[in-house]
Structure formats: C-alpha cells, structure tokens
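Inspection log for the structure reproduced underneath, given as structure tokens.
Protein chains: 2
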Amino acid sequence: MKPRITLKKIAREFGVSISTVSKALKDSHEISEETRGKIKAFADFYNYKPNNLALQLRNQKTSVIGVIIPEIVHHFFSTVINGIEKYATEKGYNVMVCLSNESYEKEVSNMSVLTNGSVDGLIVSMARETQQNQNFKHFEALISDDFPLVLFDRINDDIQCDKVIIDDIGGAFKATNHLIEIGKKRIALITTLDFISVGSLRREGYLKALTNQGIKVDESLIYKIDDEKDLYEQIERVINVANPPDAILAVNEIYAAIALKTAKGKGLNIPKDIAIIGFTSGLISEFTYPPLTSVEQHGSLMGKQAAELLINRIENLAPADYQKVVISPTLKIRKSTLSAN
Amino acid sequence: MKPRITLKKIAREFGVSISTVSKALKDSHEISEETRGKIKAFADFYNYKPNNLALQLRNQKTSVIGVIIPEIVHHFFSTVINGIEKYATEKGYNVMVCLSNESYEKEVSNMSVLTNGSVDGLIVSMARETQQNQNFKHFEALISDDFPLVLFDRINDDIQCDKVIIDDIGGAFKATNHLIEIGKKRIALITTLDFISVGSLRREGYLKALTNQGIKVDESLIYKIDDEKDLYEQIERVINVANPPDAILAVNEIYAAIALKTAKGKGLNIPKDIAIIGFTSGLISEFTYPPLTSVEQHGSLMGKQAAELLINRIENLAPADYQKVVISPTLKIRKSTLSAN
DNA sequence: TAAAGCTTCGCAAACGTTTTCGTGTTTATA
DNA sequence: TATAAACACGAAAACGTTTGCGAAGCTTTA
Numbered sequence: 002m003k004p005r006i007t008l009k010k011i012a013r014e015f016g017v018s019i020s021t022v023s024k025a026l027k028d029s030h031e032i033s034e035e036t037r038g039k040i041k042a043f044a045d046f047y048n049y050k051p052n053n054l055a056l057q058l059r060n061q062k063t064s065v066i067g068v069i070i071p072e073i074v075h076h077f078f079s080t081v082i083n084g085i086e087k088y089a090t091e092k093g094y095n096v097m098v099c100l101s102n103e104s105y106e107k108e109v110s111n112m113s114v115l116t117n118g119s120v121d122g123l124i125v126s127m128a129r130e131t132q133q134n135q136n137f138k139h140f141e142a143l144i145s146d147d148f149p150l151v152l153f154d155r156i157n158d159d160i161q162c163d164k165v166i167i168d169d170i171g172g173a174f175k176a177t178n179h180l181i182e183i184g185k186k187r188i189a190l191i192t193t194l195d196f197i198s199v200g201s202l203r204r205e206g207y208l209k210a211l212t213n214q215g216i217k218v219d220e221s222l223i224y225k226i227d228d229e230k231d232l233y234e235q236i237e238r239v240i241n242v243a244n245p246p247d248a249i250l251a252v253n254e255i256y257a258a259i260a261l262k263t264a265k266g267k268g269l270n271i272p273k274d275i276a277i278i279g280f281t282s283g284l285i286s287e288f289t290y291p292p293l294t295s296v297e298q299h300g301s302l303m304g305k306q307a308a309e310l311l312i313n314r315i316e317n318l319a320p321a322d323y324q325k326v327v328i329s330p331t332l333k334i335r336k337s338t339l340s341a342n
Numbered sequence: 002m003k004p005r006i007t008l009k010k011i012a013r014e015f016g017v018s019i020s021t022v023s024k025a026l027k028d029s030h031e032i033s034e035e036t037r038g039k040i041k042a043f044a045d046f047y048n049y050k051p052n053n054l055a056l057q058l059r060n061q062k063t064s065v066i067g068v069i070i071p072e073i074v075h076h077f078f079s080t081v082i083n084g085i086e087k088y089a090t091e092k093g094y095n096v097m098v099c100l101s102n103e104s105y106e107k108e109v110s111n112m113s114v115l116t117n118g119s120v121d122g123l124i125v126s127m128a129r130e131t132q133q134n135q136n137f138k139h140f141e142a143l144i145s146d147d148f149p150l151v152l153f154d155r156i157n158d159d160i161q162c163d164k165v166i167i168d169d170i171g172g173a174f175k176a177t178n179h180l181i182e183i184g185k186k187r188i189a190l191i192t193t194l195d196f197i198s199v200g201s202l203r204r205e206g207y208l209k210a211l212t213n214q215g216i217k218v219d220e221s222l223i224y225k226i227d228d229e230k231d232l233y234e235q236i237e238r239v240i241n242v243a244n245p246p247d248a249i250l251a252v253n254e255i256y257a258a259i260a261l262k263t264a265k266g267k268g269l270n271i272p273k274d275i276a277i278i279g280f281t282s283g284l285i286s287e288f289t290y291p292p293l294t295s296v297e298q299h300g301s302l303m304g305k306q307a308a309e310l311l312i313n314r315i316e317n318l319a320p321a322d323y324q325k326v327v328i329s330p331t332l333k334i335r336k337s338t339l340s341a342n
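Chains as they are written, first to last, in our numbering: chain Z, 2 to 342; chain S, 2 to 342.
As structure tokens, then:
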C-alpha cells in the first residue's frame with residue numbers, strides 16, 4: 002500500500018509548520034487567504050483525508066460500536082445487526098461485528114480486544130456457553146469501569162446494565178392462547194434446554210396461558226431439544242407417539258418447520274389434526290406448506306433500541322440508572338393454525 | 002467511562018520513566034528483576050492492557066478488515082461474513098461490517114471512512130446502484146494507491162483487483178441440464194434486471210445448456226424481475242398464462258419459493274406439471290413443500306477465500322498479479338425436480 | 001513616534017505506545 | 001588502579017492529528 006499523504010508531508014512541501022497546514026485545511030482565520038488557498042489546493046489534489054486512528058487517539062473517541070453475537074448466519078441476529086447498523090450510521094457511528102460462536106472463551110477474548118480502545122461501547126448477546134456456566138465476570142469488569150454496555154435478547158438479570166429484550170413470556174402466552182381459542186387441548190411445547198433464557202421464559206408464558214385457561218399442565222408434552230444433537234430425530238419423538246398432541250408451540254422457526262414436516266410425513270392434517278406455531282425470525286415460516294403461524298420478534302427494532310441505548314450512554318445522554326426496554330412480539334396468524342373453512 | 006490505566010500513570014506511580022514500564026511489562030532484561038516485579042504486579046492489579054489505537058497508530062497496522070455488503074438480512078451475505086470472520090479471527094484480524102443498502106452513495110462514503118486508517122484492507126460486494134451506474138472511480142482510486150481490496154460475488158471485470166466469484170454460468174448450466182434430463186422442454190428463467198452481474202451470468206448458463214441440448218431458446222420464457230416492485234405479482238405472470246412452462250429456473254431462493262407457492266395455488270403438481278429449481282442461499286428451499294432442488298452457493302467458503310486473498314495481499318504474501326477465485330456451485334436435488342416414482 | 005492592535009504563523013503539548021540510543025553507576029578484568 | 005564490561009534506566013523520536021499560546025512583523029491610532 003502506498004503511504005498516505007499527511008499533514009507533515011504537506012507542511013514540508015510548502016516549508017510551513019504542521020499546525021499551519023492543519024489550520025489552513027480547517028479554514029482558520031489565523032492563516033492568510035493566500036497560504037490557505039495553495040495548501041487546500043494541494044491537499045485536494047492529493048486527496049488528503051485525516052487519519053482516523055490519529056483522530057481517535059487524540060479525541061479519545063472512536064465512533065465505533067462493537068457488537069458481539071453468538072452467530073450471524075441466523076435471521077434473527079442479522080436483523081438485529083441491521084437495526085443497529087442503521088441507527089448507528091444515522092448517528093455517525095460505525096459497527097464492528099464479532100462472533101462468539103456460542104463459546105464463552107471467544108466471547109471473553111472478543112470483548113477484551115474490542116474494549117482496549119477500539120470501540121466506544123459494546124452491544125452483546127451472550128453465548129450459549131456463557132448462559133450455561135453463568136460466569137459474568139467479564140461483563141462485571143466492564144460495568145465497574147463504567148464502560149458503555151448493552152445486552153440484548155440473551156441477557157441475565159444479575160448483570161447491571163442497559164438491556165433490550167423481547168417479552169418472551171407475553172409472546173408465548175399469546176401464542177398458547179391462540180391455540181386454545183381454536184379449540185386445541187393437548188398443546189405440546191418444543192423448547193430448548195433450560196439454561197437458555199429465552200427458552201425458559203417462553204415456557205413460562207406457555208404455562209401461564211394453560212393455567213389461566215384452566216388446562217392442566219402435562220409435563221410429558223414438554224420437550225427439551227438439545228441443539229447439538231440431531232434435531233429431526235428429537236422432534237420426531239414429539240409426534241411419533243401413541244397419543245400425539247393436537248397442537249405444538251415451538252420456541253423457534255426451525256423446530257416448528259421440522260415439526261410441520263414430520264407431521265405431514267405422518268399423514269396428519271395441519272391444522273386440523275395438529276396446529277403449529279413457531280417463534281420466528283426468518284422467512285421459512287412464510288414458505289412452508291401450510292405457512293406457519295408465528296410469533297414475530299422484530300429483530301431490527303431490537304437492534305435499533307439497543308443502539309439507541311448504547312449511544313445515549315456513550316454520549317452521556319442516558320439517565321444514571323440502567324434502562325430495560327421490552328419489545329412486544331406480535332402474532333402473525335397463517336394457515337398452520339387457521340383451518341380453511 | 003472511567004479513564005483506563007496507562008503506562009504513564011504506572012510510571013508516575015513508581016517514579017520511573019514510561020519506557021521503563023513498557024520494557025518491564027515486556028519482560029525486558031534491561032530492567033531489574035525487582036523493578037519488573039513490582040511494575041508487573043501493579044499493572045496486573047489494575048488490569049492494564051495496552052491501548053489498541055496507540056498500537057495501531059504506531060505500527061501503522063490495525064489488524065482489522067472492512068467488509069461492505071449491500072445488505073445483511075440475507076442468508077447468502079451472512080454466510081459470507083461468517084466465512085470471513087472465521088478465517089480473519091484465525092489470522093488475528095477483526096472484522097468491521099458496513100452496509101451499503103444497495104446505495105452507491107453509501108458504498109462510497111463507507112469506503113471513504115474505512116480506508117482512512119481504520120482498516121488494513123477491504124472486502125466488498127457492490128451495491129445494485131453501483132452495478133447500475135457503472136461508476137467505479139472509488140474502487141480505482143483505492144487500487145491506484147495499492148490499497149488491499151477484494152471484490153466478491155457482485156464484481157466487474159473492468160476493476161483490476163483480487164476477486165472471488167461463483168461460477169454462475171456453470172451453476173445455471175448444471176441446473177438447466179438437470180431439468181432437461183428429467184424431460185422438461187419449456188424451461189422458464191426467472192432472473193433479475195440485466196445490470197445485476199450474477200443475473201446475466203446465470204442467464205448465460207441457462208442459454209448455453211439449452212443450445213447445447215438443441216433446444217430452441219424462447220425469449221418469452223425469460224422473465225426479468227424488478228426487486229423494487231411487487232414480487233408475487235411479477236412472478237404470477239410466469240405461471241398464470243395460457244401455456245405455462247413445464248419447468249422454472251429461478252436465480253434466487255425467494256423467486257423460486259414464490260413460484261412454487263403460486264404454482265401450487267393454481268393446482269399444478271410439482272414436479273410433474275412444473276419442476277422448479279432455485280439458486281439458493283438460505284434455509285427456505287429445505288422447508289418448502291415439496292422441498293426445492295437448488296444450486297448451492299457456498300457463501301461461507303466464498304467468505305473464507307475472500308479473506309484469505311485479502312490477508313495475503315495485506316501481508317505481502319500474494320503474487321503481484323491479481324487472483325480470481327472461482328467457486329463451483331453444486332446442485333442439491335430435492336423433491337421439486339424429483340418425481341416420487 | 002511610541003503604544004496598541006492585528007495578521008500570520010510556529011512551538012509544544014497531548015493522546016499511548018514502542019524502540020533505539022545514550023548515560024551513569026556498579027562490577028569485573030588486566 | 002585504570003579500564004572494560006555489565007547493568008539499570010531515561011530521553012527522545014515516531015505514528016498523525018488538534019489547539020492554546022506566544023511571537024514576530026505590520027498597521028493603525030493617539
């Protein structure tokens with residue numbers, strides 16, 4: 002790479018000092034019209050642009066916000082990034098994305114790298130492993146330094162910082178109620194292992210709806226899927242039983258789509274024999290057959306809110322106590338719960 | 002945010018010079034065991050970490066690579082980023098992602114910001130608008146400065162730099178051949194407007210396959226979709242005609258899925274009445290009914306290759322002349338072209 | 001004609017680091 | 001005992017920028 006043109010080089014060219022050049026380029030009245038003119042022309046010709054690193058070092062501000070997410074090949078997270086990026090750009094910030102790949106260690110190392118001056122603040126959704134081992138020291142260290150931090154979606158209430166979450170309880174509650182309203186009684190829940198916070202919250206909403214409607218909870222209808230094992234095999238067990246459920250609530254789109262596929266494979270009619278709802282984040286639900294009723298999570302809005310909280314914190318516009326923004330999911334009713342007649 | 006601890010503060014604490022502290026922390030033999038010990042203990046206690054900005058400025062190296070893509074809520078691009086990030090991390094680089102949102106102006110401004118010292122190199126897939134107006138000055142400026150640049154997927158042959166592309170011609174050729182082999186004669190092509198490079202390349206592969214097999218090209222079977230208008234309406238016109246095609250090749254997953262939905266809506270049997278193949282990038286193809294045969298684009302591999310080219314270029318390990326890596330797509334045959342019998 | 005004011009510029013510090021080249025003191029060698 | 005080597009550290013430059021302040025030289029005013 003060719004060395005870029007700097008103030009020093011321009012200064013040498015005209016036999017003036019660096020500060021003269023700097024001021025000239027900023028149209029300072031301290032510099033004569035004549036000097037200003039020739040310096041600006043020269044700088045323009047060589048396409049001078051101030052070096053960002055130097056500016057950032059001097060101003061003690063990078064105007065970059067770091068984002069650490071478990072994975073990016075995931076519609077939900079990419080919509081969140083989209084929301085973050087849009088708002089950040091609007092406010093003059095750039096976005097640096099790192100992936101933890103669900104690993105605690107990578108999350109910690111990413112945070113360590115980013116917080117050494119590279120970014121002004123951090124937006125994080127915790128890795129699965131972090132949720133599992135409940136080791137939040139890296140977050141607490143940041144917080145005790147007053148480093149701007151926003152957690153979203155996969156959070157933990159013990160961590161004192163700004164947060165953005167979805168009302169998972171409410172979403173599952175709505176979905177379950179909808180299933181009850183269309184006459185379903187034996188509603189299965191396909192959820193994640195317990196340590197995933199969103200999984201257990203959605204479970205809570207599911208339980209609340211059942212209880213509210215006076216339906217006795219049948220623990221044998223609650224299935225916990227291990228993402229690291231074969232999904233098809235695990236989900237098959239929900240349907241391939243003597244007395245299958247008449248409805249399924251799945252905590253994500255993939256589980257729902259696989260359940261739908263499996264049920265159809267068994268010759269079951271959707272939604273007559275079995276109705277299905279999934280929490281969604283992607284486009285799959287729209288294109289299955291029949292299309293899946295789904296709980297929409299509004300990732301982009303979530304990203305925007307997270308970025309807003311963070312930037313307010315960075316710019317000292319935020320109130321002293323930490324904020325918690327809750328986003329209400331909406332139920333998008335499609336054919337998987339809506340009988341044709 | 003609390004001010005971070007610096008070499009200067011440590012130096013002041015012990016009444017030594019900054020250079021002594023720096024050397025002590027690096028275990029230099031120049032510093033006595035005793036001084037080294039207490040300095041390291043102190044630094045450790047206060048969790049000292051060198052400021053990245055300062056290091057980057059001094060070393061004239063950021064170890065960050067910039068990525069500019071048209072959008073991120075798109076399975077293909079997110080898999081590419083995944084590939085880039087994995088390889089970059091392995092090599093000690095971080096990734097900064099910016100979105101052009103298909104806008105020429107945003108692409109230019111993103112590039113301008115990132116190349117002012119923030120990143121060591123750039124991986125770009127052009128915005129639609131850039132492909133449209135064919136204005137490549139911003140790329141050429143970079144190249145004439147020998148700034149490390151890799152273009153992927155949406156490229157232009159006039160730009161002299163490293164590139165990674167998919168063999169779109171080959172992919173469309175394979176797909177079309179497959180349709181011919183299963184006995185289809187009237188194969189429609191649903192493609193993009195002409196200025197999208199991948200669209201016209203896939204069209205070329207389609208035409209080549211037809212010609213090779215001695216099938217006369219019927220221009221009325223080629224449909225160009227404008228992404229900014231209603232997709233359903235435009236795709237409906239492919240199927241809702243007097244003499245509909247007996248097969249469809251769509252240049253992306255969404256077009257294919259919509260075509261499938263529309264065809265089923267008309268009561269057509271897939272694949273008997275109409276077989277469908279889409280270029281894919283996401284999970285939709287697997288979950289449609291029937292699942293869609295698709296041309297797999299290997300986005301993650303593409304990202305990895307792009308990152309590899311770029312980092313080699315940054316580290317001066319690349320040959321002087323520019324490389325062009327071509328990735329072969331593979332045909333994943335599913336039920337939308339595979340009759341049950 | 002001297003004081004005051006204005007114009008135009010340079011110096012130097014600051015951001016935080018690394019590294020080369022001294023320099024003064026102590027210890028070992030001839 | 002003079003000299004060389006070894007040791008322990010500091011000064012300063014470099015990366016590129018901004019900015020307060022001081023200092024010339026010139027012009028105006030009393």
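Where a beta carbon is used, it is the ideal one built from N, C-alpha and C, also for glycine.
query                                                                                                                        : result
Arg-5/S versus Asp-159/S, His-30/S, Gln-324/S and Asn-52/S, residue with shortest Cα-Cα distance                             : Asn-52/S
Rounded C-alpha distance that separates Lys-3/Z from Phe-148/S                                                               : 7 Å
Sheet register partners of Tyr-224/S (DSSP bridge)                                                                           : Ile-191/S
Chain Z contact for Asp-147/S (CB, 8 Å cutoff)                                                                               : yes
Per-residue burial, Asp-45/Z [other beta carbons within 10 Å of its own, 16 or more giving buried]                           : exposed
7 Å Cβ cut-off: residues of chain Z touching Thr-80/S                                                                        : Val-74
Cut-off 8 Å between Cβ atoms - residues of its own chain near Lys-39/Z, not counting five sequence neighbours on either side : Phe-15
Same chain, Cβ closer than 7 Å to Tyr-207/S, five either side skipped, listed in chain order                                 : Ala-173, Thr-177, Leu-190 and Leu-250
Residue span of the alpha helix (DSSP H) that contains Asn-178/Z, given as start and end                                     : 169 to 182
Beta-carbon proximity list for Pro-71/Z, same chain, < 6 Å, skipping 5 on both sides                                         : Ser-101, Glu-103 and Ala-128
Neighbour flag for Pro-71/S against chain Z, beta carbons, 8 Å                                                               : no
Inter-residue Cα distance where the pair is Tyr-88/S and Ser-79/S                                                            : 14 Å
Where Lys-336/S sits in the DSSP three-state scheme                                                                          : coil
Within-8 Å CB hit, Val-96/S to chain Z                                                                                       : yes
is_contact[Ser-361/Z, chain S] using C-beta, thresh 8 Å                                                                      : Since the first and last residues shown for chain Z are 2 and 342, residue 361/Z lies out of range.
Straight-line gap, Val-98/Z to Asn-83/S (C-alpha atoms, nearest Å)                                                           : 10 Å
Residue-chain proximity (Lys-50/S, chain Z), Cβ-Cβ < 8 Å                                                                     : yes
Alpha carbon of Thr-281/Z to alpha carbon of Val-65/Z, nearest angstrom                                                      : 30 Å
Delimiting residues of the alpha helix (DSSP H) encompassing Lys-1/S                                                         : Nothing about residue 1/S can be read from this structure; chain S reaches only from 2 to 342.
Short-range partners of chain Z found in the region 57 to 69 of chain S, where Cβ spacing is below 8 Å                       : Gln-57, Leu-58, Thr-63 and Val-65
Which of helix, strand or coil DSSP assigns to Phe-148/Z                                                                     : coil
Contact list for Asn-134/Z against chain S, beta-carbon separation under 7 Å                                                 : The premise fails here: Asn-134/Z is roughly 21 Å from chain S at the closest Cβ pair, so nothing lies under 7 Å.
Min CB distance Leu-311/Z to chain S below 8 Å                                                                               : no
Residue burial classification, Leu-293/S (beta-carbon count within 10 angstroms, cutoff 16)                                  : buried
8 Å CB neighbourhood of Ile-85/Z in its chain, flanking five on each side removed                                            : Ile-66, Val-68, Val-96, Ile-124, Gly-304, Lys-305, Ala-307 and Ala-308
Exposed unless 16 or more other CB atoms sit within 10 angstroms - verdict on Val-22/S                                       : buried
Chain Z within 8 Å of Leu-26/S, Cβ atoms only                                                                                : no
Under 9 Å (Cβ pairs) to chain Z, residues found in the region 115 to 140 of chain S                                          : Leu-115, Thr-116, Asn-117, Gly-118, Ser-119, Asp-121 and Gly-122
Through-space distance from Thr-212/S to Asn-136/S, alpha-carbon basis                                                       : 34 Å
Limits of the alpha helix (DSSP H) - the one that Val-114/Z falls within                                                     : 105 to 115
is_contact[Phe-43/S, chain Z] using C-beta, thresh 8 Å                                                                       : no
Reduced DSSP category for Val-199/S - H, G, I as helix; E, B as strand; rest coil                                            : helix
Residue environment, Tyr-47/S, which counts as buried when at least 16 other CB atoms sit within 10 Å                        : exposed
Gly-284/S, DSSP secondary structure in three states                                                                          : The residue you asked about is not Gly; residue 284/S is Leu in the sequence shown. In the structure shown, Leu-284/S sits in coil (DSSP, three-state: anything other than H, G, I, E or B).
Interface flag, Ile-275/Z vs chain S, CB-CB below 8 Å                                                                        : no
Interface partners of Thr-7/S on chain Z, CB under 8 Å                                                                       : Within 8 Å Cβ-Cβ: nothing; Thr-7/S doesn't reach chain Z, min ~10 Å.
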